[in-house]
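Below is one structure; the comments refer to it alone.
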């Protein structure tokens, strides 16, 4: 059976799924309630099954509705990006580079670098894509971004440009008693509440190098989700964390924090720019990555 749904149907499915209300969805997409009700019946006739059902006075997607919702989000997102790219072409922009940053990377270095790059490459537009910080490689593989900055190990199937080696350090409140030590053992760290970005261990970072290696885990983990929140939780004395030195540097300058080496030997990670494996060597994305490497090498 051939299904001939249009972008209007996709917009309707997305709006109804978000609001659960015909009146709110109609207002969101700019049609009358009667027109939207007609569009629902038309879409269900085209696919041959119900897309929504009522539960507690709310419209809820059926299994078929959820499947179309996923497609609608992909299609409408790609249309929005395409329209945005085309609008830039009309004002002299020839290329758009979309950047996704992992949660550990921080952004203190980025504004100055972007300013320098765009002065020398005025026909290239740079976009920072939000909401991919916990899964930048997935976003890269799916084409939502063109480039990301990663610390730790990277799965095969990507093109990488090594940047530098960094040391992961324990970040503590300014007056924490552990600051009396020149380095902290795994026992010191697991005895304290641990402030984490999320509860899924990252490859090559502290869970692999420290906690798994010594088969010890923190007694209590507080999930903070983003760098700024992790730092503020530590600054306020709610726990400690382990963070790349490069990421922690601007926060240490603000005061209220101290850092110590983790184990006598230290924990180290590599920073790298990651692109899709088929990225052409002369593409604007690779040019951008090489310029980033030069800047960070100087710093």
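In our numbering, the protein residues as written are 147 to 445. All residues carry an ideal CB built from backbone N, CA and C; glycine is no exception.
Anticipated Cβ contact below 8 Å, residue 366 with residue 340, distance rounded: Between residue 340 and residue 366 the Cβ distance is about 7 Å, and since that is below 8 Å, they are a contact.
Between the region 273-289 and the region 412-427, do three or more beta carbon pairs fall short of 8 Å? Under the 8 Å Cβ criterion, the region 273-289 counts as touching the region 412-427, having at least three qualifying pairs.
Please look up how many angstroms separate the CB atoms of residue 317 and residue 394, rounded, as I've assumed it's under 8 Å. Right, the Cβ-Cβ distance comes to about 6 Å (below 8 Å), so this counts as a contact.
For my contact list, residue 342 and residue 368 are in at a C-beta cut-off of 8 Å; report their separation, rounded to the angstrom. At roughly 7 Å, the Cβ-Cβ gap stays under 8 Å, so residue 342 and residue 368 are in contact.
Over the uninterrupted alpha helix (DSSP H) stretch that includes residue 258, give me the two end residues. In the DSSP assignment, residue 258 falls within the unbroken alpha helix (DSSP H) covering 256-266.
Does the Cβ-Cβ distance between residue 210 and residue 192 come in under 7 Å? No, the pair does not count as a contact, with Cβ atoms beyond the cut-off.
In this structure, what does DSSP give as the bridge partners for residue 297? According to DSSP, residue 297 shares a beta bridge with 417.
Nearest residue (CA-CA) to residue 392, options 418, 344, 354 and 216: When each option's Cα is compared against that of residue 392, the closest is 418.
Residue 393, enclosing alpha helix (DSSP H) - first and last residue: Per DSSP, residue 393 is one residue of the alpha helix (DSSP H) stretching across 391-399.
Segment contact flag, the region 297-308 with the region 256-268, C-beta cutoff 8 Å, min 3 pairs: No: fewer than three Cβ pairs fall under 8 Å.
Do residue 189 and residue 175 have their C-beta atoms closer together than 7 Å? No, the pair does not count as a contact, with Cβ atoms beyond the cut-off.
Segments of 4+ residues assigned as alpha helix (DSSP H) that fall wholly inside the region 329-391: Along the length of the region 329-391, whole alpha helix (DSSP H) runs at least 4 residues long occupy 332-336 and 373-381, reported in chain order.
Using a threshold of 7 Å, state whether the C-beta atoms of residue 412 and residue 313 are closer than that. Result yes, Cβ atoms of residue 412 and residue 313 sit closer than 7 Å.
Check whether the Cβ atoms of residue 296 and residue 248 lie closer than 7 Å to each other. The beta carbons of residue 296 and residue 248 sit closer together than 7 Å.
Sequence-distant residues of its chain with Cβ nearer than 6 Å to residue 154 (five each side left out): Sequence-distant Cβ neighbours of residue 154 in its own chain, meaning closer than 6 Å and more than five residues away, do not exist here.
8 Å Cβ shell around residue 158 - same chain, five flanking residues per side excluded: So the qualifying residues of the chain are 171, 175, 182, 185, 186 and 189.
So, is residue 164 buried or exposed, given that buried needs 16 or more other C-beta atoms within 10 angstroms? Flag for residue 164 reads exposed.
Residue burial classification, residue 240 (beta-carbon count within 10 angstroms, cutoff 16): Residue 240 is classed as exposed because its beta carbon has fewer than 16 other beta carbons within 10 Å across all chains shown.
Quick one: give me the first and last residue of the alpha helix (DSSP H) that residue 168 is part of. For residue 168, the uninterrupted alpha helix (DSSP H) segment begins and ends at 168-175.
Roughly how many angstroms separate the alpha carbons of residue 349 and residue 410, rounded to a whole number? The straight-line gap from Cα to Cα measures roughly 22 Å.
For residue 243, which residues from the same chain have a beta carbon less than 8 Å from its beta carbon, with the 5 sequence-adjacent residues on both sides left out? Here the set comprises 270, 271, 272, 273, 292, 293, 430, 431 and 434.
Sort 324, 204 and 370 by Cα distance to residue 346 and report the nearest one. The shortest Cα separation from residue 346 among 324, 204 and 370 belongs to 370.
Rounded to whole angstroms, what's the CA-CA distance from residue 180 to residue 380? Just pull it up for me. Straight-line Cα distance between these residues: approximately 54 Å.
Reducing DSSP to helix, strand and coil, say where residue 327 ends up. Secondary structure at residue 327: coil, using DSSP grouped into helix, strand and coil.
On a Cα-Cα basis, can you pick out the residue from 166, 383 and 356 that is closest to residue 201? Relative to the Cα of residue 201, the nearest Cα in the group 166, 383 and 356 belongs to 166.
Should residue 148 be labelled buried (16 or more other beta-carbon atoms within 10 Å of its own) or exposed? Legend: pLDDT at residue 148 = 49, less than 50; position of this residue unreliable, no value from coordinates given.
Who are the near neighbours of residue 282 in its chain, counting only those whose CB is closer than 6 Å to its CB and skipping five residues on each side? Take residue 282, set aside five residues on each side of it, and the residues of its chain with a beta-carbon closer than 6 Å to its own are 246, 248 and 294, in chain order.
If we cut at 7 Å on Cβ distances, does residue 379 have a partner in chain B? In the structure shown, chain B cannot be found, because there is only a single protein chain.
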